[in-house]
Every structure is written in structure tokens, then in C-alpha cells.
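Inspection log for the structure reproduced underneath, given as C-alpha cells.
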Amino acid sequence: MIHRKSSKKFTNKMEESELRIEFPVKERIPGKNSIKTSHYTWWNFIFLNLFEQFHRLANIFFLLVATLQAIPVISPLNPVMGFLSLGFMLLISMAKAGFEDYQRHVADDILNNKKTTIYDENGNKEVTWADVNPGDIIVLKTDQEFPADCIILEASSNDNKCRIETAALDGETNLKFRSVVTSRKLIDQSFSVFVSDPKAQLSYFSGRINYKNEEITLQLNNFVPRSCFLRNTSEVKALVVYSGQDTKVMLNSMKPKYKFTEIDKFLSNVVIVLFFVLIVISICFDVGAYMWANSHYHDLYLELEQQSTIYYFYNVFSWLLIINNMIPLCVYSSLDLVRFFLSFTISSDINMKDDDRGVKCKNSDLVSTIGRITHIFSDKTGTLTKNKMTFKSVGFRDSFYGKGQEPIEFDDNEKLISMSEKDIEEFKENLDNEELRMFLMNVCLCNSAVTMINPKYYTIEEIHEYFPDYEYSFDLPAPEIVAKFPYIISYQTASSDEIALLHFARECGFILYNITGDDVQLIIDHDLYTIDRPVVFEFSSQRRRHSVIVYLDGKYKLMIKGADSAILARSVNVSEELKQKVDFLSSNGLRTLVFGVKDLDNVDNILGEYNRIRGMTFDFEEALEALGETVELGFDAFAVSGVMDELQDEVVTTFTKLHCAGIKIWMMTGDKLDTALKIALSSGLRKPHQPVLIVEKHDDLYMISEKQACDYIFAIEGSNINALFEDDLFNSMASQAKSVICARCEPSQKGNGIRVFKKMNPKSRILAIGDGANDVDMIRIADVGVGVEGKEGSDAVMSADFALPSFRHIARLLIVHGRWCTNRTSLLITMTFYKTTMIAFTQMIFGVFNGFSATSAFDSGFLSLYNMILTIPQLFFICVFEEDVDAKYIMAVPEVYKEISKNGGIGLMPMIMMYIHALIHSVLIFFYSYFESNTVVLDKNCQTFDYPIFTQITGWSILIIFTIELLLKFKTMTIIHIGLYIACVIFYILVEYFYSIGDKQFYNILTVIFTMPRIWFLIPFVTGLCIAIDMIGLYLKPIFFPSLAESIAELEYSAKLL
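Counting in our numbering, the sequence shown runs from 455 upward without gaps.
And the structure:
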């Protein structure tokens, strides 16, 4: 045992892209492994949050207004209330941000304070996760979690492997194998570890161990990332190499670029326009004040004084203060809160759950954007399909199996085969054919699968009939047991195609038994064979092929498989018969893989270069790919397989609803065009008789007119994609097509395609949906990114704004929740501007009747309470729960989505109509209150009209009219809404009471207004007049401007009456 002092020093940089870790460690760094996902700290929260909030132009404007309001020579209002109002609104947004960040702090603390065991010569000791350092050796038992990125030094298993579950990192529930670095017992010795710099790629790791003048190469199969769980292995000892923010899980948790929503852009533009409008109005009213003063200067009863130029300069700012309500102070804070709570309504929808998995809203700012989507860019495999492959067909140059017969259905996951029994038997009868045997050998040797025991397939009693001493354990059964009970082992790999192929090989008597180092063990006809496999070139989405070098039948052979586009172009003497079979399988919607083989005469140079590259600690992937490019040439392509990928549930229904909603769909797939077109037809993306325009070059676009584009399916492929995306005519026509199919699409082309499309079609709003790492770029660049929880890992979900359990829920997410949220936020903005604009217009009219003087019609207290408390609660609550049309009616008539997706329920015309609406109400309130009350005695005590009474009449009228407007504009009404309305009125009465005893100007005002019957005749009358005009408008609107939503709402109402 080695004596470890209080610990180690992490990594000194030895060379570019290389880190060094020493064991035993020499000094510890407390908190080295702590992680931080929170944004704020206790000392910078207020300052940083305020800094971020003042990036909004509106908040800068209100800070200017509050500052002006505090200057006595300018402001007729209370100098404190401006800052109090602004502070209250900033506090709301700050509270939201603080709550979200507090939850992140709590989660961080829970994680950092977890306990783990580290190896020590004096006995293992327990430490917190936060205090784990690079160089520590962690001791883990089965079902425990890895607290940092590690390499495996020891494992308590016969094969020197451990099983891990990476679901928390990549979403894959299949167990994976990790091998120990070496069979030597390193933990009793001193050694140095050199590893590559931390990188986010889950598939990237390299390094080496220097041990007694010996160098041990580290590979990815020795590496276990943080947050993985140890499964089916009693104990492991693992050396920590990366900790804290350097771990894979943290590097993959970087925040995506902020997405600026349409509403945010709209509000910013409105604020800018209104600011200049307010400046112009203030200047005009200041000129009016100057002209009015000059014209009435000789009216001695007014006692006017000659004012200086500086007075009129100040008066501009005074008017700006009086009418600043045209830009609502509370609009941003209200919008933030409403969107925050709307995200919970989406996440809690039980109709979008599959088993225990539901939808996750990870970016609440985008809840209204999903109601304005015009185009969906969708991945195919794993998104539209289940990524659960079944083996269907295989073709050779002179034979074909699996063509035309009815498929046999297997009811378990160990027989993923949809080939008929007749074809399977015929295949097995012809196994003396060299090509058939080479195909099965290629399947078993050229793959990335691992084998593990499946204790659930057979009962122990069944096995005891032949092997009475056998007991289930974590280790693989003996080969003779597997030969008798072939389904006692299962295969796990990232490729569903490989599993289906291995299942077919097993049905034919070729069983992949185990892989240890460079050796692959196969069971063929009940006999065990060990085959040397010294070289492996892994599959990647860029290479689209997988190859190995094996020693077979006394010579080295290159075995390769991959997409037909990657294989046929690199092979020699490809027969036309094989090409025809590739086309046939593709046209039937099957995923095709082409298999090849060639003999290698001299492999010493290849093996030497391969081993040299494996020892590299940086840039080894590029070097390995370059070596593969030189080796994978000149082989003989001899077979093609067809694998069936079943569609996701309800894909056809989902596409139908999305098309009815007016959403255009682009399918991005790496499959051949024929396969993609077949999938498009079976999924409902293309109608049976809908014409397809295959576009290979610009001139192909002239085959149809732009008017016909909406009736066609556009299809593009491979190398043409980049050029066509840059073509103006293609973008113009393709943007009108209901569907576009992009075949042979590489991962980089998905994201770049969306970038170009957004540039060429700036008014389009794009949603990208996918389930794999190759979809991350397009998910991040789209206006809305949706990740589907699938078999290709969780990279897409981690990068997405929304996460769905399956593709079928995208229709409800957009058509129901998208429409609801867009309608709610548009009503929130419109009503917020309406309620403050009524105040601003009343202020303007009041100013005109007071010689254009910047005199407020309302006191500062009322203005602040009106904006903050008297109108926000009921508006906020009703916006969160508003459902103008029931979900089942929306899903039944998805065309209703089109109406709100065009402008999101808000735009230039809705805002103009809102201002006209507010102006009419302000004029009626002011003039009726002013002329009716100013010409009569209000009570028996000869009380006459004065400023406090005018304030009460107009204030109560505006508050009541706004409340009734909510009842008219919104369809949802509950007892809670009614309670909020009553509570706000009661609160205003309490405010009036405190005014009546605390403000000299409003002394005893509550008694005055409640003892004047004429006031309580005037307020209902002017309120009723305003509402009567509105109701006439509501009655006439469906007649002259009918909408589908209103028709559906009437149908829903009629159905409830029946």
C-alpha cells in the first residue's frame, strides 16, 4: 500500500493538448470536483441581474422617467413613486430569476455533498464528491454512481470488465462494457497518467500511463464519464482523470445561445417607436402651452407670468412624465411571469406523456413562439421512426433472400427479424456458399457490439435440465451453454442496425460470443473460434462506414460495411446486379448497408501505424481517420442488407394535423432518396398521388411554375443540397411547398441549411426536431429546438428548448399549447398597453383643458397602484389559464392554428385598433365626467366638481371598465377570477381610506364619494356606455370579420348546452 499524504496536485501541462496526473498524489485541493450550474452568487445577484435587466430598452426608459420624476423643477408627480414602481417591477423579474437560480444552487449542493469512497493505504475513507481530486482512486460498489471522469484500474469480474449505465449522460439505458487498463495491479505502485485536454465529445478520450519505463495506452473503452452508474459488477477501482467543470457531463451542459423571440423583437421596436412618439407629443404640447399662455396672457384673472425659455424646455420633460404610461412599466415583468408559469402548464399536460416520460419545457421564453411556427425541419431515424430495426432482406450478386414473402413476427427483443421463415431456412441451407458465410462473418466481426448475459430469457430450470450446476451471475456463461441456449446473451451497441444483423446471424448459427482486447470469439455450429482483430476503424456520421482487419483462414482481410454511397464509390468491380438490389431495397423504404471484403498481403505497415496512432494523446481521431482513408480502398462489394425501421406511433396522423395547421415540413435524412421517398409516403408526409419534383440543379426548377410549387413535394439529394440552399429561386419555391425531402443529408448540412433558409426567408419561423447528436446543430440554430428522447443518446434533448417523449406529441405541443400560449401572451401585451394607454390619453385631454400645462389628472399613488397592484393580478391569472377553444376542438380542426401563426395575435393593426379603442374610452370617460359633473351641484350640501372628485370618477371608471374588458376579451372564467376582481376593488377602497386620512388634498374623500349618489349614477353610466360600444363591436366582428376560432368556440358553446 502506498502512503498518500493529504493529496495531489492536479495536472501540469506537459505539452499542447496534454495533461499530467501523478499517483500517489501530493497535495489535495478541496472542492476540486465541485460543479456549478447556477448563474448568480449571493454577492453578485442584485448587481448582475440589474445589469441584465437594463439591457432591455424599456427599463432604461423607465429609469430615465423615474429620474426625471425625482427632479422637482420638472416633475408634477411624487418624486419617490417613480423609483418605487420601477423597483417593484424589477423585483418581480428578479424574483423569477432568483427562484430559478436558487433551485440550481440547491441541486448543486445536493450533488456536491454526495459521499463516495476513495482508496487509502490506511483504509478506504469517505469524502464528498466536491473533494474528489484528479489522481484519487475511487472504490465503487454495484449501483453506485461515478462522481468524476475516471479510468478503470480494477474490476471484480472474470473478464476484467465492468458494466456501466450511461442513461444520465446520453439517455441510453443499454449497459456498456468498460475494460480495465491492464491486468497489473497498479494501485500499489507509483505512476504517471497523461491524458488529452478535456473535450465535450462523449466519444473522445485518449491517453497513456507511464509505469516503470513501460507505456500503457488508454482508450475510450477504459474511460467512464461522471454520472454513469456501475451495474452488474461487484466492485471497481477507478482513477479520476477529469473533475468538476472539466468532466464530460459539465462540458455538455453549456448554455446554448439565447434565442430572441418575436415578441421580444416586437416589444423592442414598439418601445423605440413610442419613445419618439412621446417626444414628439411632448414637444407639440409644449408648443401648445407656449401659444396658450401668449393668447391668455392679458386675462388678468389667470395671473399668468411671463415664462423663460428654460421653463418650456423643462416642460417638455414634464409632459414626457405625464404621458409615459403609453409605454407600460409592467409589460416585461408581467410577460416574464406569465411565460414562466405557462411553461409549467405545458410540462404538466398528462396528454403528452408516454409512460412516466412527459414533455419538458426548458426555455420558457419560447412558449409563445411555438404558436407561430411556419416550417418544421425534422430528422428521420429515431424521430419519425422508432430506431428499432428488424432484419428484412439480404442480397448478393446472384441471389436474394427476403424478397416478397410475408414477414414473420417475433414477439421479443432477442429476435429482431422480419424475414420470412422460408427465407431464413433457405439461407441456412445455402451456407456452403462462400459469399453467404463471408456475409455472416462480416456481421459478427465488423461491429461495435458488446455481449452480456440476459437472465430473463430462459428460466434457471430450463438450463438445469442440461447444465445442473449452472447459476446466473454477472459473467458470461460458458460457450457450451450459449451454444445450447443462444438467447442467454444479448447484444448492445449504439447502432440498431447492428443488433438486427447480429440477431439474423445468430438465427443462422453464427453467434458473437465475446470480445476481449483484439480477440473476437464466435460460436459457429456449436464450436468456439477465436479470431484476431487487431485493427478497427469505427463508424461515424461523417465516414458512414465501419471496417476491421481480421486474421481469417490464414491471411489478413479487410472487412467493411456502410452506406451504399460510402462503400460503392470506394470498391472495385461492382456488379450491376448488386446495384439493382441496392435500389430495390431502398425503393421499398429499407435502410441499406453494403458489405465488402479484400485480402491484405502486407499489413505490417498498417499495424505499425495503427498502434502508433493508438498511443497518441491528442489528434488521434484525425490521424486514425486518415489511415482509414488509405486502407479502405479497392475492396470487393459482394452483399447488401435491408433493415426495416418501424414508424413511430401516430406519425401519419401527426403529419396530417401539421399540414392542416399550415405548417410546412422538411425531412432531413442520411438515407438514399428512394428510401426517403418511401418513408415520406408511408408516414403521410407525401400523399399517394402527390407529384414529386426531384431537383438536382437550378434548371430543374423551371419544370413547374411558382404557383404550382405548393402542390409538389420537393426532393434534393447529397452534394446538391448546399448549392440549392443558396439558390434564390429554390428557396422561394421550396418555402411554398408543403414538404421538402433532403436525402443523403450530412449533419453539418442540417444546421447550415437552416441558417441559409432563415437568411433567405426571414419571416419564417423554424422548429427543428431530432433525437441524436447529429441533430444538435440544427436544434440550436432553429427558432425553436425540440429533442426527442430516443435511442441515439440525449445530446439532442440536452441542447433543446423542449423535450418530447415521442414525435407524435409535436402536434399537440404546437397546435394546442402553441396556440394557447401565443393567444395568452398577445392578450397580455394588448391589455397591458390598453390599460396604461387609457391613463395616458386621459392625461393628454386633461392637459389640454388646463392650458396645455403638464398637470397630472391622477395622483402619483393611484398611477403606481394602478400599474402594479390594481390591474396586474387578475390579468396575470387569467392569461395563465385562458382557453378560448377547448383542446379537443383545436385538435379536431387544426386549421385554427393558421390564424394566430401569421402574426401571433399581435402586430401593427391589432396595436392600432387597441389605441383607437383606448382613445374612445378615454374620451368618453373624460368628457362625460368633466361636462356632466362640472355643470351641476353634486349633493345637497352644494358640493361642486373639483380635482379630487374628478380623480375619483375617472379612476373608478377606468378601473371598472378595464375589469369588464377582461370579462369580454377572455373566454375562461372561474371563481378565482371573480375573487381577484372583487379583491382588487376592496383593496382600492382600502387605499381610498388611507388617502382620506393621510393626504390633505384627499381628506375624507371616501366619505365624500360614497355620499354623492350622482357619482354612482355617473360611473355606471359612462362605464355602461363604453361597454355597450364594445359589445356592439363584438357582435359585428363575426359578421364582417369572421374567424375560424370564434366559429369553433360557438360550436363548443352549443355542444355544452345540449
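In this text, a Cβ means the ideal position worked out from N, Cα and C, and glycines have one as well.
In the displayed model, Glu668 falls within a strand according to three-state DSSP. Per DSSP, reduced to three states, the secondary structure at Glu759 is coil, with no helix or strand assignment. Nearest to Leu774 by C-alpha distance, out of Ala1294, Ser1411, Tyr924 and Asp1231, is Ala1294. Cβ contact annotation for Ile1463 (same chain, cutoff 6 angstroms, sequence separation greater than five): Gln1406 and Ile1469, in chain order. DSSP, read as helix, strand or coil, puts Glu1353 in helix. Around the C-beta of Asn487, 16 or more other C-beta atoms lie within 10 Å, and the residue is accordingly described as buried. DSSP places Asn1458 outside any alpha helix (DSSP H), giving it a letter other than H or E. The way I'd put it, the stretch 875–885 doesn't touch the stretch 910–930; fewer than three beta-carbon pairs between them come closer than 8 angstroms. Residue pairing of Cys616 in beta bridges, as defined by DSSP: Arg632. Note on Lys630: 16 or more other CB atoms within 10 angstroms of its CB, so buried under the neighbour-count rule.
Measuring C-alpha to C-alpha distances from Ile1223 to each of Leu1006, Asn1185, Ser1193 and Ile1264 identifies Ile1264 as the nearest.
Straight-line spacing of the CA atoms in Ile483 and Asp585 works out to 7 angstroms. Setting aside the 5 residues that flank it on each side, Glu889 is surrounded in the same chain by Phe850, Phe1092 and Ala1093, each with a C-beta closer than 7 angstroms to its C-beta; the list follows chain order. Within the DSSP secondary-structure output, Ile1167 pairs in a beta bridge with Val1146 and Ser1193. Along the length of the stretch 1438–1504, whole alpha helix (DSSP H) runs at least 4 residues long occupy 1459–1464 and 1467–1494, reported in chain order. Linking Ile1481 to Glu1419 through their CA atoms gives a straight-line distance of about 8 angstroms.
Under the DSSP definition of a beta bridge, Gln946 partners with Val904. Annotation for Trp746: Gly1305 and Phe1306 place their beta carbon closer than 6 angstroms to its own, counting only its chain and skipping 5 residues before and after. If you ignore the 5 residues before and after Phe771, its C-beta comes within less than 6 angstroms of the C-beta of Leu522 and Ile528, all in its own chain and listed in chain order. By the Cβ test, the stretch 809–828 is in contact with the stretch 785–797, since at least three Cβ pairs between them sit closer than 8 angstroms.
In this model, Leu565 and Val703 are separated by some 13 angstroms (Cα to Cα). Annotation: Tyr744 to Thr1309 spans about 15 angstroms, alpha carbon to alpha carbon. In terms of Cβ geometry, Thr1123 and Thr835 form a close pair [threshold 8 angstroms]. When the beta-carbon positions are compared, Ile1344 and Ile1269 come within less than 8 angstroms of each other.
Counted as a single uninterrupted DSSP element, the stretch harbouring Met1285 is not any beta strand (DSSP E) but the alpha helix (DSSP H) occupying residues Arg1273 to Val1302. For Phe767, the closest of Ile737, Val785, Ser749 and Ser788 by C-alpha to C-alpha distance is Ile737. Counting the other CB atoms within 10 Å of its CB gives Val534 a total below 16, which places it among the exposed residues. Straight across, the Cα-Cα distance linking Cys1164 with Ala1191 is about 4 angstroms.
Residue environment analysis places Trp497 among the exposed positions, since fewer than 16 neighbouring C-beta atoms fall within 10 angstroms of its C-beta. Spanning the alpha carbons of Lys1510 and Cys1275 requires a straight line of approximately 24 angstroms. Here Asn686 carries a coil assignment [DSSP, helix/strand/coil]. As the crow flies, the alpha-carbon of Ile943 is around 37 angstroms from that of Asn664. Boundaries cannot be given for Pro588, as no beta strand (DSSP E) includes it and DSSP labels it neither H nor E. The shortest C-alpha to C-alpha distance from Glu716 to any of Pro940, Val821, Leu1267 and Val989 is the one to Val821. Assignment of Arg482 by DSSP, reduced to helix, strand and coil, places it in the coil class. Separation of Ala520 and Tyr1382 (C-alpha to C-alpha, rounded to the nearest whole angstrom) is 32 angstroms.
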